[in-house]
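If you read the sequences in order, they're chains A and B.
Take 3 as the starting number for the first sequence in this note's numbering and just add one per residue.
Take 768 as the starting number for the second sequence in this note's numbering and just add one per residue.
All residues carry an ideal CB built from backbone N, CA and C; glycine is no exception.
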Amino acid sequence: MIYKETGQYKSSYKSDHAIFPLLQDKIAFSTLMFIAFLIIPFVINSYWEKAILVPFLIFSLAAIGLNILTGYCGQVSLGTGGFMAVGAFSTYKIMTYFPDMNIMIIILISGLITAAVGIIFGLPSLRIKGFYLAVATLASQFFLVWLFNKVPWFYNYSDTGQITVSERTMFGIPVTGAEAPSYATYLFCLVLVVTLSFAAKNLIRSKMGRSWMAIRDMDIAAEIIGVPPLKTKLSAFAISSFYIGVAGALYFAVFLGAIEVTESFDIMTISFPVLFMIIIGGLGSMLGSFLGAAFVVTLPIGLKFLMVDIVGLSAVTAKHFEITIWGLLMIVFLIVEPHGLARLWSIAKEKLRRWPFPY
Amino acid sequence: MSLEDLKKIPYGKTAIELKNISLAFGGVKALTDVSFDVKKGEVFAIIGPNGAGKSSMLNVINGFYKPTSGTINFAGTDRNEMEPELAAKSGIARTFQNIALFKGMSTLDNLMTGRLLKQKQNFLMQALYFGPVAKEEEEHRESVERVIDFLDLQSIRRTPVGSLPYGLQKRVELGRALAMEPEILLLDEPMAGMNVEEKQDMSRFVLTVNNELKTTIVLIEHDMGVVMDISDRIVVLDYGKKIGSGLPKEIRNNKAVIDAYLGVSD
């Protein structure tokens, strides 16, 4: 009774094809956007910015990217960390060569560069599928990290091999560097994430998304309908890498400020967690990308709060428990709900529709 | 050769002519020296016992298999082989013996994929989703809805096709092929595994498509009752060789065909 769509008739195909066809969803989304844009910026502090909101936004973007490739187009990828590194190092190099360029443009160009790299590493996907492709993308992860470590040009021949962001402003307010206020970095990420999410959703609900899903579900039939397999797979690699590259650029420029490639873009710190995000959130679901990112970002914080602050364990013990619980949760999710949090949400909606009646 | 060439051919004249087609996989000869032609606007049936090479023949027509020798004359142009994408662009659609739907997508989305070749907007426009893209999307939705009405698929519009019963999946697959607005429709055992009512429905759909949209139909089917009733001409294959062709009543009395189906007593 809470979530009922009775009486909401669609009289045009356009309204039937809208992103939020139901009134309840529209209201919920508008409220969320109102809070995100007009309330949080005024109350945000450094802890919420650094620990929760900015990483959540950045990882949502990476999860959307990987979901396009893996969830919608069915091409498994373990190279997320490598592609995020491409985004980060592109940003760094463009910043060095064009000191006056606007940071927003720099980040978008970094995304395009990552897209180009993604296309190159997507080429094997025509010949190999499934686990074999996963191994090929794993190679790209190790190759890219190795490359950024090995060639000093990428980190401007600095002694530590670290790259550090310099201050850049939007409308006179610094958004990168140590001086950037919390609300500025948050809003900067939020604007990019919201815009790019809508773009992704639009792609998914039009021709491109249907070609991806056709390739995912039955590539032979797709080819006979006239979907070119190579072009479609490469477009998924390109667009997915664009999103992951932008996420990598934000991760470096806005979130961390200074990074060391082997540490920050390792397979265990980026590639696997982002893959977990889309598995836990829901493969082939936009909502799932956000839910998964929120889950993975907040789980360690929640567990630490529970174990250290409430139960009173030492921080080290808590860390060990965290890793164990993490692994357990992955197994539980894969067995109990392989379609992830997004599916749980649609089940909940179904229940809310009937509540308080059982059927 | 193109869709335009195919459209220009008058009804009753040859649309596809297969000349001496042979197809071998290593030492296995799937087709040997098969020739026949399909006339525009007819219902053409390919029959034969199991393993006769019927599906291989369809795969040659829409470019999935490349024949070892022989030529394919499509809409007046001789070719050694077809390409799947080219076949799709030239107005050839097909269904599969084992259903090849996009199982994770809804019926509506499956049918919409049939329109992919007709959607022209580029991906940047799709990402912005304004004006022309929305308009194009609506136009295609309208023609897909016509197919949905025709095949009575309204109630399963939003259902993921993987969860539909077999008979309906077969119908959705026909719908996806029809959404392409094909000139030539290749049906690989559209009635396999169906009960009598479902077969009647399917025959009705096939005949309506043929009569009203003037679509040429190339059909593989095992139910001889259906084949004899709905097809205009028949070709019979056995062990990859053509053993007979002609009108249904000629085939019914063809000695070689009867022997192939019933066996020969020594």
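Exposure label - residue i; buried when at least 16 CB within 10 Å
i	result
residue 98 of chain A	exposed
residue 828 of chain B	buried
residue 932 of chain B	exposed
residue 103 of chain A	exposed
residue 40 of chain A	exposed
residue 925 of chain B	exposed
residue 46 of chain A	buried
residue 253 of chain A	buried
residue 35 of chain A	exposed
residue 188 of chain A	buried
residue 59 of chain A	buried
Min CB distance residue i to chain B below 8 Å
i	result
residue 210 of chain A	yes
residue 15 of chain A	yes
residue 205 of chain A	yes
residue 27 of chain A	no
residue 219 of chain A	yes
residue 337 of chain A	no
residue 223 of chain A	yes
residue 201 of chain A	yes
residue 120 of chain A	no
residue 341 of chain A	no
residue 237 of chain A	yes
residue 284 of chain A	no
residue 19 of chain A	yes
Identity of the residue in the options nearest residue i by Cα
i	options	result
residue 44 of chain A	A:230, A:267 and A:183	A:183
residue 1015 of chain B	B:791, B:814 and B:789	B:814
residue 219 of chain A	B:1032, B:870 and B:999	B:870
residue 837 of chain B	B:785, B:1006 and B:775	B:785
residue 57 of chain A	A:278, A:129, A:256 and A:310	A:256
residue 165 of chain A	A:201, A:49 and A:179	A:179
residue 111 of chain A	A:125, A:120, A:307 and A:93	A:93
residue 270 of chain A	A:80, A:240, A:311 and A:288	A:80
residue 85 of chain A	A:307, A:357, A:147 and A:15	A:147
residue 868 of chain B	B:834, B:840, B:894 and B:939	B:939
residue 998 of chain B	B:792, B:769 and B:805	B:805
residue 941 of chain B	B:846, B:899, B:986 and B:854	B:986
residue 973 of chain B	B:944, B:962 and B:1001	B:944
residue 284 of chain A	A:10, A:200, A:342 and A:265	A:342
residue 70 of chain A	A:212, A:22 and A:253	A:212
residue 119 of chain A	A:304, A:136, A:89 and A:101	A:89
residue 833 of chain B	B:841, B:851 and B:821	B:851
residue 990 of chain B	B:976, B:1020 and B:969	B:969
residue 1027 of chain B	B:1003, B:797 and B:822	B:1003
residue 992 of chain B	B:865, B:976, B:963 and B:791	B:963
residue 156 of chain A	A:263, A:207, A:22 and A:236	A:263
residue 892 of chain B	A:249, A:23, A:205 and A:353	A:205
residue 192 of chain A	A:42, A:266 and A:121	A:42
Beta-carbon neighbours of residue i, restricted to chain E and to distances below 8 Å
i	result
residue 883 of chain B	Annotation note: the requested chain E is absent from the structure, which comprises protein chains A and B.
Proximity test, Cβ basis, 8 Å: residue i and chain A
i	result
residue 846 of chain B	no
residue 1000 of chain B	no
residue 861 of chain B	yes
residue 927 of chain B	no
residue 901 of chain B	yes
residue 896 of chain B	yes
residue 955 of chain B	no
residue 880 of chain B	yes
residue 841 of chain B	no
residue 991 of chain B	no
residue 851 of chain B	yes
residue 868 of chain B	yes
Per DSSP, cross-strand counterpart(s) of residue i
i	result
residue 840 of chain B	B:784 and B:845
residue 220 of chain A	Paired residue(s): none; residue 220 of chain A is not in a bridge.
residue 862 of chain B	B:954
residue 56 of chain A	Answer is none; residue 56 of chain A lacks a bridge partner.
residue 1008 of chain B	B:1005
residue 165 of chain A	A:261
residue 1000 of chain B	B:811
residue 985 of chain B	B:811 and B:953
residue 1013 of chain B	B:1001
residue 1066 of chain B	With chain B represented from 768 up to 1033, any question about residue 1066 of chain B goes unanswered, as that position is not in the structure.
residue 927 of chain B	B:873
residue 271 of chain A	Bridge partners of residue 271 of chain A: none, in fact.
residue 175 of chain A	A:172
field: Entirely enclosed alpha helix (DSSP H) segments - the region 781-834 of chain B, minimum 4 residues
entry: Counting only runs of 4 or more, we get 821-828.
message: What ranges does the alpha helix (DSSP H) occupy inside the region 877-921 of chain B, keeping only unbroken runs of at least 4 residues that lie completely in it?
response: Those alpha helix (DSSP H) runs which fall completely within the region 877-921 of chain B and span 4+ residues are 890-895 and 898-917.
query: In chain order, which continuous runs of the alpha helix (DSSP H) of length 4 or greater are located wholly inside the region 20-101 of chain A?
result: 25-36, 42-45, 56-68 and 82-99
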